[in-house]
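Chains as they are written, first to last, in the numbering used here: chain P, 1 to 367; chain C, 1001 to 1367.
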């Protein structure tokens, strides 16, 4: 198959477009064939009606990891993964589409996360609160739910963790969503800017960009990005670094963005379901461990993890509501509950804890 | 290439998945090749930097029409077109992505229309008003804008039409977006429902669905779908037919949806740009004709259209602000201003009008 030269135009516009048309024909034929095979997968499992019966998060994660592995441009991994998520979403929606509950209204980061994970052929249900997302999945009105659990800027979303204290839902996926920063001002002209307001964390996140594009502007740290936008509204020579929506609320114009130096301003979401899924080969397990408030309790609980070489990615303690003098620890570890080491470690942990509750084993987020 | 049987499973799950993996490899290779050729198209035109220099609406419309023509399932035309829009969007975004202004905040139907037309690799700018969308495109802060112009339920959005009285922007596309209806209730149980509130138009739109699923429930027409949701909130035996977001606002649960009988509940949006584009082969032209308020003026103006066999799709009159005793007619006709018949008809129209302003010639919306 002939490929275009990458340095100079060796083909005419008409030739290039004819080639693209031929490629499109082939892509379309393959997508149609893929859709037929996807139906076949369902049939091999028995007579199934709804997409929820076909959906296998571990299989999707494997497909997307292969996409990343063999990608050698020119599209970025993120773009290529996005296209394959949409192709899988369309193939799956040949049955009654997946119903995905998320924290509404439409347009929230939760909706973006739900769309990123399940594609645009799924059916979104905007709900009024994180509690309601849990309830609707428990009641079966939603097949899955998507809730935020931590933000690289603001930390853990406690209400989500606390829901797991009583809910029997399982975590069956995680989604990471980049949250972008914008430079906003009243006049919309770069040359007017003499001061830039933002939260110190946001200023730090955009340091290189500011040095390059606004070397002489003063950086003014304020309490929040919303406060920065509010201040920038009152002066022609000021700008704010804030989320895009702040510009809308305060009537500021976006001058540039995203302006963060590194793509690490991320919110992590959990996908809630009613069952556990098999391993994908690169998984994470979340457990909730209730311990008595006594010296050494936590050390006893964590010991087996180290002994079995299980990596702990995260730990966070919360008072266990309704269980006086007990604490709950939310622990994320690498691996799947079906892995030998994880199973053994959790088993050895049990005698030292009041309860070890498996919240879920799920594929590590694919970009 | 062997295809799966459609009636019974003749392949194992493992075989089907292996086949899908092979198909995915081929699709990915073709998408990468397509992306390289898309760059080549840009090079054939000279050294271009931003996606706006590459974007050709007439070419995209042609590609999508071919996709519809050769589609023979199992995916619907709408799903297949959506996938190709996303593939084109990703290829285009290899350059600085398109900036698309729309009526915000995020999550509005305007954003959905912008995403439907430009795909998810474009960069969305949520703006505060329809006027602001025009301003930001005029100022070059947005490459294109997307504004609603008519709704099959509520009719014309006057503010959009009126902006064209003074703006020099061109219409370079149209988007049609289906707006879906949902059955919402407080209890979330179908068996509780004895009354269904909704606007008469919505009740009519969902007649067959209601007859089939709620044959014994009373239909109660009210002034708006929001009013319907408000009433359904106060009774366990009532439901509302309304948009999904009404459920969120009034704390109702979605029982079923979309429940409209025909996919004709549509909002039409216009894509605003700064230049006219060449014909796509199936185009529409919007003109704004200022006439003196005198007998027969309109008939004189419309005569040439009939004489040249140019189909008029739509006409709407508005008082021409600041031009006393004049009227403005917004007229949509089939064809492109570069078509012989359209050109001739518009030319013959001129002597009878104060002014004939070409608002744009653009591809007819692809589903």
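Just so you know, even glycine gets a beta-carbon here, dropped at the ideal spot from N, CA and C. Computed from a prediction, not measured in an experiment: that's the story for all the values here.
Residues bridged to residue i (per DSSP)
i                       : result
residue 268 of chain P  : P/150, P/176
residue 1196 of chain C : C/1219, C/1239
residue 1328 of chain C : C/1290, C/1318
residue 256 of chain P  : P/183
residue 277 of chain P  : For residue 277 of chain P, which the question treats as bridged, DSSP gives no partner whatsoever.
residue 171 of chain P  : P/272
residue 334 of chain P  : P/284
residue 124 of chain P  : P/100
residue 1355 of chain C : C/1290
residue 1312 of chain C : C/1333
For residue i, three-class secondary structure by DSSP
i                       : result
residue 1360 of chain C : strand
residue 1 of chain P    : With a pLDDT of 43 at residue 1 of chain P, under the threshold of 50, the modelled position of this residue cannot be trusted; read the value that follows with caution. Three-state DSSP puts residue 1 of chain P in coil, outside helix and strand.
residue 1143 of chain C : coil
residue 1285 of chain C : strand
residue 1050 of chain C : strand
residue 156 of chain P  : strand
residue 234 of chain P  : coil
residue 1094 of chain C : coil
residue 55 of chain P   : coil
residue 14 of chain P   : helix
residue 1069 of chain C : helix
residue 76 of chain P   : coil
residue 1350 of chain C : helix
residue 189 of chain P  : coil
residue 1262 of chain C : coil
residue 1367 of chain C : coil
residue 1083 of chain C : helix
residue 295 of chain P  : coil
residue 26 of chain P   : helix
Residue burial classification, residue i (beta-carbon count within 10 angstroms, cutoff 16)
i                       : result
residue 174 of chain P  : buried
residue 349 of chain P  : buried
residue 97 of chain P   : buried
residue 1145 of chain C : buried
residue 1212 of chain C : exposed
residue 1311 of chain C : exposed
residue 365 of chain P  : buried
residue 1353 of chain C : buried
residue 5 of chain P    : Here residue 5 of chain P scores only 47 on pLDDT, less than 50, and its place in the model is too uncertain to base an answer on.
residue 82 of chain P   : buried
residue 43 of chain P   : buried
Best match in the options for proximity to residue i [C-alpha to C-alpha]
i                       : options                        : result
residue 25 of chain P   : C/1233, C/1362, C/1087, C/1014 : C/1087
residue 1306 of chain C : C/1341, C/1337, C/1277, C/1295 : C/1341
residue 166 of chain P  : P/288, P/103, P/205            : P/288
residue 1053 of chain C : C/1280, C/1274, C/1255, C/1266 : C/1274
residue 217 of chain P  : P/230, P/198, P/226            : P/198
residue 1260 of chain C : C/1315, C/1234, C/1179, C/1290 : C/1179
residue 1139 of chain C : P/332, P/364, P/189            : P/189
residue 1345 of chain C : C/1070, C/1308, C/1117         : C/1308
residue 161 of chain P  : P/318, P/19, P/116, P/335      : P/318
residue 1093 of chain C : C/1081, C/1051, C/1118         : C/1051
residue 163 of chain P  : P/328, P/265, P/363, P/119     : P/328
residue 339 of chain P  : P/281, P/72, P/109             : P/281
residue 326 of chain P  : P/68, P/336, P/291             : P/291
residue 1110 of chain C : C/1271, C/1159, C/1079, C/1070 : C/1271
residue 1362 of chain C : C/1298, C/1060, C/1136         : C/1060
residue 1183 of chain C : C/1209, C/1042, C/1041, C/1158 : C/1209
residue 1230 of chain C : C/1134, C/1185, C/1137, C/1114 : C/1185
residue 1101 of chain C : C/1131, C/1299, C/1095, C/1037 : C/1131
residue 1028 of chain C : P/11, P/37, P/63               : P/63
residue 1035 of chain C : C/1090, C/1077, C/1150         : C/1090
residue 1356 of chain C : C/1367, C/1334, C/1302, C/1335 : C/1302
Beta-carbon proximity check, residue i vs residue j, cutoff 8 Å
i                       : j                       : result
residue 269 of chain P  : residue 148 of chain P  : yes
residue 1277 of chain C : residue 1056 of chain C : yes
residue 1215 of chain C : residue 1203 of chain C : no
residue 258 of chain P  : residue 181 of chain P  : yes
residue 1169 of chain C : residue 1129 of chain C : no
residue 200 of chain P  : residue 58 of chain P   : no
residue 1142 of chain C : residue 1125 of chain C : yes
residue 1171 of chain C : residue 1359 of chain C : yes
residue 332 of chain P  : residue 313 of chain P  : yes
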